[in-house]
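Have a look at the structure below, then the notes.
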Amino acid sequence: MIAQHAAVLVVVLPLLCAPLVALLRDARIAGAAVLMIAALDAALATLLLCQTLDGTVISYALGNWAPPIGIEYRIDLLAAAMACLLAYAATLVALFLPVSLRGTIAPGDQPRLFAAFLLCLAGLVGIVVTGDIFNVFVFLEISSLSTYVLIAMGAGADRRALTAAFDYLVLGATGATFFVIGIAFLYVVTGTLNMADLGERMATAPKRAVIVGSSFIFVGIALKAAMLPLHRWMPNAYAYAPAGVGTFLAMTATKVSIYLLIRMSDFVFDTPGEIGRVNFAALLPPIGLAMLVAGSVIAVTTKDLRRLLAYSSIANLGLMLVALGLGGISGIAAALVNLFNHAIIKGGMFATTAAVLHRRGTTRMDALAGLSRDMPVAFGFLVLGGLALIGVPLTAGFVSKLLVVKLAFEQANWLVVGGVMLTSLITVAYVWRIVEAGMAAPAKTAPRHDLHPAFLLPVGLLGAATIGLGIWSEPMLTLAGRIAAQMIGGAP
């Protein structure tokens, strides 16, 4: 029974539980409820992944209205894998979220934050499982509105969270407007919102309307994915949101936007590497390289650890765009490996940063002095994540960068090869800043308080995955290859 309805339960569970959690008065009970709900959602997502590993595509018609008339939830291997990423990220964050909120958000306000967290999870999961393009917009708005609230609730610790939330609201609303206008153009010329049906009717649709509609959709996704120069919202959102929220957003938000870019180009428009009849794939490598260089350079000069990691994330997103722009099954597979590995690496670093913030009350670089002595475990995990960002062998980051460089080398794209190598050297510079700050002698001796127990499991699991997927990368490579092959219809 549960397996039969898992496709809809994975969205409905957090969506319906959110208002119930908001009504709870005890923050501890609400925190435990969020953890339980996220864990159950992860179990449902795992069930979907098991059902789709053999290439099966699950089609769930809501209200028994058959597609394309009714709304369809359509889960293939990519959607199931993304749902797993989102649900497991929420579960790991929920383990330390209540602790990370202490002293920054009043206990009476925490249940409402937990409710917004569940709504954000429901919206993001809904985006990846729905087969209806307007339903994508609806879930995009659910996740975005809840994210604005989550970021703004960081104002208890830093009033700049309000400005960060407002910036994201303005840019996010702009992106959503572009996206829905693009949908309207496509609906006018095709008469359908079902993405599979849309893909079939696109070939006979008027060329001009498809170009205009796809252009609006691309800009909307670009804003949500923080593509240069539309990245303004991201560093402040990650830096001033509550630490646990920032960790969740770093692992999921932009990853869903990259998912949409892949889904739209290879499913809706049936033109791998393109959106509609516009070759946006040609734009992705230069945009990606610009993000790689700009994000890395700005990270070197940043004075706050969370902002440093945010700009580093912009650079890593650039690497995913470069991989997508290189095209074909190998390009999509490389982008997906980068997507999943980056979520793990950066999730571990942001979770560790949350632990540091919990103990020290700040993440300014000049306040990290003595971290290697006072919090050696946290310092070790930060260094591990930094090594993965550089691309040191035996880490997941090495596998991610190697795939892109190898593909670019095969295509004789020396600009991409040189760009990745150059930004790896720049990454060494900003990772060394973290190491140097943590090993500096503190102005005064402080008692040793390492990771709070609530952080040990999520930080430890993400750190172990960072090493494990570097040593044994075959499962990730196989999964990404099978997803890419399923989407394009070829063989890996």
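Letter by letter, the sequence shown follows residues 554 to 1045 of this note's numbering. Think of the CB as a built atom: it goes at the ideal place given N, C-alpha and C, for glycine as much as any other residue.
Residue i versus residue j - alpha carbon distance
{"i": "residue 761", "j": "residue 862", "result": "41 Å"}
{"i": "residue 744", "j": "residue 666", "result": "39 Å"}
{"i": "residue 567", "j": "residue 927", "result": "38 Å"}
{"i": "residue 814", "j": "residue 749", "result": "15 Å"}
{"i": "residue 649", "j": "residue 932", "result": "18 Å"}
{"i": "residue 611", "j": "residue 676", "result": "19 Å"}
{"i": "residue 909", "j": "residue 929", "result": "11 Å"}
{"i": "residue 1044", "j": "residue 596", "result": "With a pLDDT of only 37 at residue 1044, under the threshold of 50, the placement of this residue in the model should not be trusted; the figure read from the coordinates follows. Straight-line Cα distance between these residues: approximately 30 Å."}
{"i": "residue 577", "j": "residue 899", "result": "32 Å"}
{"i": "residue 689", "j": "residue 1036", "result": "20 Å"}
{"i": "residue 531", "j": "residue 709", "result": "Lying outside 554 to 1045, the shown extent of the chain, residue 531 is not represented and no answer is given."}
{"i": "residue 1014", "j": "residue 644", "result": "12 Å"}
{"i": "residue 935", "j": "residue 905", "result": "7 Å"}
{"i": "residue 740", "j": "residue 679", "result": "21 Å"}
{"i": "residue 1019", "j": "residue 765", "result": "41 Å"}
{"i": "residue 784", "j": "residue 592", "result": "32 Å"}
{"i": "residue 686", "j": "residue 728", "result": "15 Å"}
{"i": "residue 641", "j": "residue 759", "result": "42 Å"}
{"i": "residue 807", "j": "residue 777", "result": "7 Å"}
{"i": "residue 723", "j": "residue 779", "result": "13 Å"}
{"i": "residue 903", "j": "residue 605", "result": "31 Å"}
{"i": "residue 562", "j": "residue 700", "result": "22 Å"}
{"i": "residue 918", "j": "residue 856", "result": "5 Å"}
{"i": "residue 613", "j": "residue 639", "result": "20 Å"}
{"i": "residue 1023", "j": "residue 950", "result": "7 Å"}
DSSP state of residue i mapped onto helix, strand, coil
{"i": "residue 611", "result": "strand"}
{"i": "residue 747", "result": "strand"}
{"i": "residue 823", "result": "With a pLDDT of 49 at residue 823, under the threshold of 50, the predicted position of this residue should be treated as unreliable, and no value is reported."}
{"i": "residue 917", "result": "strand"}
{"i": "residue 857", "result": "strand"}
{"i": "residue 599", "result": "helix"}
{"i": "residue 573", "result": "helix"}
{"i": "residue 674", "result": "helix"}
{"i": "residue 711", "result": "coil"}
{"i": "residue 658", "result": "coil"}
{"i": "residue 635", "result": "helix"}
{"i": "residue 840", "result": "helix"}
{"i": "residue 592", "result": "helix"}
{"i": "residue 665", "result": "helix"}
{"i": "residue 555", "result": "coil"}
{"i": "residue 619", "result": "coil"}
{"i": "residue 567", "result": "helix"}
{"i": "residue 780", "result": "coil"}
{"i": "residue 720", "result": "helix"}
{"i": "residue 578", "result": "coil"}
{"i": "residue 870", "result": "helix"}
{"i": "residue 862", "result": "helix"}
{"i": "residue 562", "result": "helix"}
{"i": "residue 845", "result": "helix"}
{"i": "residue 650", "result": "helix"}
{"i": "residue 606", "result": "coil"}
Range of the contiguous alpha helix (DSSP H) that encloses residue i
{"i": "residue 913", "result": "881-913"}
{"i": "residue 627", "result": "That residue, residue 627, is in no alpha helix (DSSP H); its beta strand (DSSP E) goes 625-628."}
{"i": "residue 688", "result": "686-705"}
{"i": "residue 529", "result": "Absent from the structure is residue 529, since the part of the chain shown begins at 554 and ends at 1045."}
{"i": "residue 777", "result": "760-777"}
{"i": "residue 1040", "result": "1027-1041"}
{"i": "residue 816", "result": "796-816"}
{"i": "residue 1011", "result": "1006-1024"}
Residues that residue i bridges to, as DSSP identifies them
{"i": "residue 753", "result": "Residue 753 pairs with nothing; no bridge assigned."}
{"i": "residue 683", "result": "626"}
Near the ligand PLP: residue i beta-carbon under 7 Å from a heavy atom
{"i": "residue 764", "result": "Here there are no bound small molecules, and the ligand PLP is not part of this structure."}
Contact with chain B by residue i, beta-carbon distance below 8 Å
{"i": "residue 641", "result": "The structure shown contains no chain B, having only a single protein chain."}
Inset, instruction - Would you mind listing the alpha helix (DSSP H) stretches within the stretch 914-999 that are 4+ residues and don't spill past its ends, in chain order? - result: 924-927, 929-943, 949-963 and 967-992
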